[in-house]
Amino acid sequence: MTPTKAPLNGKQKRTYVLATQTLERFEAQVAPGKRGVAVNEAIEHWIEEQRLAKIRADIEAFGRDSESQALYAQIDREWAPLSDEVWAQIDDDWSKMSPEEMDKEFGHGA
Numbered sequence: 008m009t010p011t012k013a014p015l016n017g018k019q020k021r022t023y024v025l026a027t028q029t030l031e032r033f034e035a036q037v038a039p040g041k042r043g044v045a046v047n048e049a050i051e052h053w054i055e056e057q058r059l060a061k062i063r064a065d066i067e068a069f070g071r072d073s074e075s076q077a078l079y080a081q082i083d084r085e086w087a088p089l090s091d092e093v094w095a096q097i098d099d100d101w102s103k104m105s106p107e108e109m110d111k112e113f114g115h116g117a
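The sequence shown lines up with residues 8 to 117 when you count with this note's numbering.
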């Protein structure tokens, strides 16, 4: 991995060794002049997928952790009464609204 001496408009040229079959398939599908963009998009996609995979793994680990489960259960117990009260009020308010009022309030329809 050797960068060029001077960046090319915020870009750098790198050298990587890839499987011949991979390169042949890539070059057959991507036109010359578009390959750098395609490689950049593929790398950006891969980086984002790795970031999301880490988040998913962290969430799954949190869900398996007994301390985290206990904390979540405690928070749920503390907030459940308020949540129930708020949703009951919302349900009550909605039940008193006509379809026209609902449409006006929430912007549905014509």
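Yeah, the Cβ is synthetic: ideal placement off N, Cα and C, and Gly gets one too. On a predicted model such as this, the values are computed, not experimentally measured, just so you know.
Rounded to the nearest whole angstrom, the C-alpha separation of residue 97 and residue 23 is 59 angstroms. Rounded to the nearest whole angstrom, the C-alpha separation of residue 81 and residue 99 is 28 angstroms. Under the DSSP assignment, residue 44 falls in the alpha helix (DSSP H) whose first and last residues are 42-71. Taking the Cα positions, residue 40 is about 11 angstroms away from residue 46.
Linking residue 91 to residue 104 through their CA atoms gives a straight-line distance of about 20 angstroms. Rounded to the nearest whole angstrom, the CA to CA distance from residue 31 to residue 75 is 49 angstroms. For residue 35, same chain residues with a beta-carbon under 7 angstroms away, outside a window of 5 residues either side, do not exist. For residue 30, the enclosing alpha helix (DSSP H) stretches over residues 27-36.
The DSSP-derived three-state label of residue 105 is coil. Here residue 93 carries a helix assignment [DSSP, helix/strand/coil].
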